[in-house]
Amino acid sequence: MAGSAKAARRAALCEIHLDFGDWGDIYRCRQSENETAGSWRFLRMNVMGLVQLTQATAGVRGGAGEYFYTLGLQRYAAKRQLNNAEDLETLLRGVLLAAIGPADGVASGVAFRAARAGDLRDIEETCRTMSSDRLPPEMRWASVHMGRRLWQQSRAWPWAAAVHEQLDGLIPEEAAHHAVVFGALVSETTSSEVRAIAVYLFNMVRALVETAVRVVPLPELVGQRALEAVQPTISVMAGQLASRGPREIVAVAIR
Numbered sequence: 000m001a002g003s004a005k006a007a008r009r010a011a012l013c014e015i016h017l018d019f020g021d022w023g024d025i026y027r028c029r030q031s032e033n034e035t036a037g038s039w040r041f042l043r044m045n046v047m048g049l050v051q052l053t054q055a056t057a058g059v060r061g062g063a064g065e066y067f068y069t070l071g072l073q074r075y076a077a078k079r080q081l082n083n084a085e086d087l088e089t090l091l092r093g094v095l096l097a098a099i100g101p102a103d104g105v106a107s108g109v110a111f112r113a114a115r116a117g118d119l120r121d122i123e124e125t126c127r128t129m130s131s132d133r134l135p136p137e138m139r140w141a142s143v144h145m146g147r148r149l150w151q152q153s154r155a156w157p158w159a160a161a162v163h164e165q166l167d168g169l170i171p172e173e174a175a176h177h178a179v180v181f182g183a184l185v186s187e188t189t190s191s192e193v194r195a196i197a198v199y200l201f202n203m204v205r206a207l208v209e210t211a212v213r214v215v216p217l218p219e220l221v222g223q224r225a226l227e228a229v230q231p232t233i234s235v236m237a238g239q240l241a242s243r244g245p246r247e248i249v250a251v252a253i254r
């Protein structure tokens, strides 16, 4: 009886490991009764960090909801060109390929690597590049507006204290771009750059979907279907954008 209880306990631990392992090996689960409770606290702290980060960047006010307006996507709604999941999927994929991926996706990956490796020169160069004319003016404005808000909000998160100690002097308020801030913060919740970029892209697209559902308006099921349809694109793109540098950041205006 004791043996089967122990086996059940081990199975439960392994299930937790599988559930959270996809976010990277930074998540540690106790694999035996001998490990300390501290490992559980470490696990919860980082899972909570990821939850806080994704919640803070979700929705109309938190994330790419602002991009819906600054990139001019509301024009498609006004022209009644967003009528179903296929229309929304086409628009989302276009925004990913033209703007959010090659600009924000690359920047989030650079910031992730820099924060983990302590090579902070890339952070400064990325902030400068994101503030340059490589991005449309409206996108630059929205990026800084969202990033500044997230950077300030994250000061209240204990798990983000080390990131602020490392980067507070390097991310000026006028160049606190959302992707840079997110990339630095998410480095505390996963050890994989590809996963970090994928989380960023998914969160931004999800916020665009939520905004479209509200503004057009569209049924929530339409938004869910469009979001599911672009997930393979996000996965492939995250792998392609990993390891790119600040000089490869670029975006084009959505017309």
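Numbering that gives the first Met the number 0 applies: residue 0 is where the sequence shown begins, and numbers increase by one.
Even for Gly, the Cβ is constructed at its ideal location relative to N, Cα and C.
* Which residues in the same chain have their Cβ closer than 6 Å to the Cβ of Gly222, if we skip the five residues on either side of it in sequence? -> Position 223 of the sequence shown holds residue 222. Once the five neighbours on either side are set aside, the close Cβ partners of Gly222 are Val208, Val212.
* Asked: If we call anything under 8 Å between Cβ atoms a contact, is Gly100 one with Ala195?
  -> Taking the first residue of the sequence shown as position 1, residue 100 is located at position 101. Taking the first residue of the sequence shown as position 1, residue 195 is located at position 196. Result no, Cβ atoms of Gly100 and Ala195 do not sit closer than 8 Å.
* DSSP state of Thr188, grouped into three classes? -> The residue you call residue 188 lines up with position 189 of the sequence shown. Three-state DSSP puts Thr188 in coil, outside helix and strand.
* **Residue burial classification, Ser242 (beta-carbon count within 10 angstroms, cutoff 16)** => Taking the first residue of the sequence shown as 1, we reach residue 242 at position 243. Exposed, because fewer than 16 other Cβ atoms sit within 10 Å of the Cβ of Ser242.
* For my contact list, Ala183 and Ala114 are in at a C-beta cut-off of 8 Å; report their separation, rounded to the angstrom. => For the purposes of this step, residue 183 is identified with residue 184 of the sequence shown, where counting begins at 1. For the purposes of this step, residue 114 is identified with residue 115 of the sequence shown, where counting begins at 1. Ala183 to Ala114, Cβ: 4 Å. Contact.
* Proximity below 8 Å, CB of Tyr199 to CB of Gly104 -> As a first step, residue 199 must be located in the sequence shown, where it is residue number 200. As a first step, residue 104 must be located in the sequence shown, where it is residue number 105. Yes, they are a contact pair.
* **Rounded straight-line distance, which links the Cα of Gly244 to that of Thr128** => As a working mapping, residue 128 is identified with position 129 in the sequence shown. As a working mapping, residue 244 is identified with position 245 in the sequence shown. Spanning the two alpha carbons is a distance of roughly 11 Å.
* Asked: What's the call for Glu34, buried or exposed, on a 16-neighbour Cβ count within 10 Å?
  -> What you label residue 34 is simply residue 35 of the sequence shown in a count that begins at 1. The pLDDT assigned to Glu34 is 42, lower than 50, so where the model puts this residue is not dependable, and the model offers no usable value.
* Asked: Cα separation between Ala106 and Glu192?
  -> For the purposes of this step, residue 106 is identified with residue 107 of the sequence shown, where counting begins at 1. For the purposes of this step, residue 192 is identified with residue 193 of the sequence shown, where counting begins at 1. Looking at the two C-alpha atoms, the distance is approximately 11 Å.
* Asked: Less than 8 Å separating the beta-carbons of Ala110 and Val179?
  -> The residue labelled residue 110 in the question sits at position 111 within the sequence shown. The residue labelled residue 179 in the question sits at position 180 within the sequence shown. For Ala110 and Val179, yes; Cβs fall inside 8 Å.
* Asked: Whole alpha helix (DSSP H) runs in the stretch 55-94 with 4 or more residues, listed along the chain?
  -> 58-61, 64-69, 73-77, 84-94
* Asked: Distance, Cα to Cα, Arg112 vs Asp118?
  -> Taking the first residue of the sequence shown as 1, we reach residue 112 at position 113. Taking the first residue of the sequence shown as 1, we reach residue 118 at position 119. Their Cα atoms are separated by approximately 8 Å.
* Do Glu172 and Arg147 come within 8 Å of each other at the CB atom, strictly closer than that value? -> Against the sequence shown, residue 147 aligns to sequence position 148. Against the sequence shown, residue 172 aligns to sequence position 173. Yes, these two residues count as a Cβ contact at 8 Å.
* State the DSSP-derived secondary structure class of Asp103, mapped to helix, strand or coil. => Indexing the sequence shown from 1 puts residue 103 at position 104. Note: Asp103 maps to helix in three-state DSSP.
* Touching or not, the stretch 79-88 and the stretch 144-159, by the rule of three or more beta carbon pairs under 8 Å? -> no
* **4 or more residues per run - each alpha helix (DSSP H) lying fully within the stretch 192-230** => 192-214
* Residue range of the alpha helix (DSSP H) that includes Asp167 -> To locate residue 167, count along the sequence shown from 1; it is residue 168. It is not in any alpha helix (DSSP H) - Asp167 carries neither H nor E in the DSSP assignment.
* Collapsed DSSP secondary structure at Trp158 in the structure displayed -> Along the sequence shown, read from residue 1 onward, the residue named residue 158 stands at position 159. In the structure shown, Trp158 sits in a helix (DSSP, three-state: H, G or I).
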